[in-house]
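What follows is a single structure, written as structure tokens, with notes after it.
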Amino acid sequence: MPAESPPFSPTVALLAVGRAWEGEFAERLKPLGLTTRNFGLLGHVRGAPGISFSELARRSRITVQSVHAAVVAFVEAGLVDDGTASAGSASSLCVTVEGESLLAQAAEVVARLDEEFTAKHPGLADALRAQMGQVLGEKR
């Protein structure tokens, strides 16, 4: 007797779709020298100039130590300015012109992936758009 198929799980389906597209996104960010995590971190710094290391860690769901390491790399690469006056004082992170340029290039990658995803899965794209509209509308 054939094994019974497990019931449909929206959670597992969403995770599977997310993993597939995250992998594709990661591959396309590589030529820019970005990982998906660093893309997110840099975006958070741009979206909240002056953000603290602890807030950046909270928003990114990573440790403060990981944020510190990433920010040091961003500063060394000229992508972020760290206006921290002295060790132990509050940070004042902001994206540089170079960081803005890199984020603009990454936005082009996102736009191309969005177009491809929508072309391959128009119904799913519409459903995600509608669901996000509901979720964001509930939070306001």
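For what it's worth, the numbering used here labels the leading residue of the sequence shown as -14, then goes sequentially. All C-beta atoms, glycine included, are put in the ideal place defined by N, C-alpha and C. Bear in mind that the values here come from a model prediction, so they are computed numbers and not experimental data.
Find out if the Cβ-Cβ distance for the pair residue i, residue j is shorter than 9 Å.
i           : j          : result
residue 65  : residue 30 : yes
residue 78  : residue 68 : yes
residue 13  : residue 47 : no
residue 27  : residue 80 : yes
residue 17  : residue 87 : yes
residue 113 : residue 6  : no
residue 91  : residue 19 : yes
State the Cα-Cα distance for the pair residue i and residue j, rounded to the nearest angstrom.
i           : j           : result
residue 106 : residue 93  : 20 Å
residue 89  : residue 102 : 20 Å
residue -13 : residue 57  : 56 Å
residue 33  : residue 10  : 24 Å
residue 8   : residue 15  : 11 Å
residue 121 : residue 108 : 20 Å
residue 119 : residue 111 : 12 Å
residue 104 : residue 55  : 35 Å
residue 85  : residue -11 : 52 Å
residue -3  : residue 3   : 10 Å
residue 117 : residue -5  : 15 Å
Leaving out five residues before and five after residue i in sequence, what residues of the same chain have Cβ atoms less than 7 Å from its Cβ?
i          : result
residue 53 : 38
Excluding sequence positions up to five away, which residues of its chain have a Cβ less than 8 Å from the Cβ of residue i?
i          : result
residue 25 : 45
residue -9 : none
residue 95 : 10
From the DSSP output, read off the bridge partner residues of residue i.
i          : result
residue 78 : 67
Here's a check: name, in chain order, each residue in its chain whose Cβ is nearer than 6 Å to the Cβ of residue i, leaving out the five neighbours to either side.
i          : result
residue 35 : 77
Check your understanding: In chain order, which continuous runs of the alpha helix (DSSP H) of length 4 or greater are located wholly inside the stretch -12 to 75?
Key -> Correct list: -5 to 14, 21 to 32, 38 to 45, 49 to 61.
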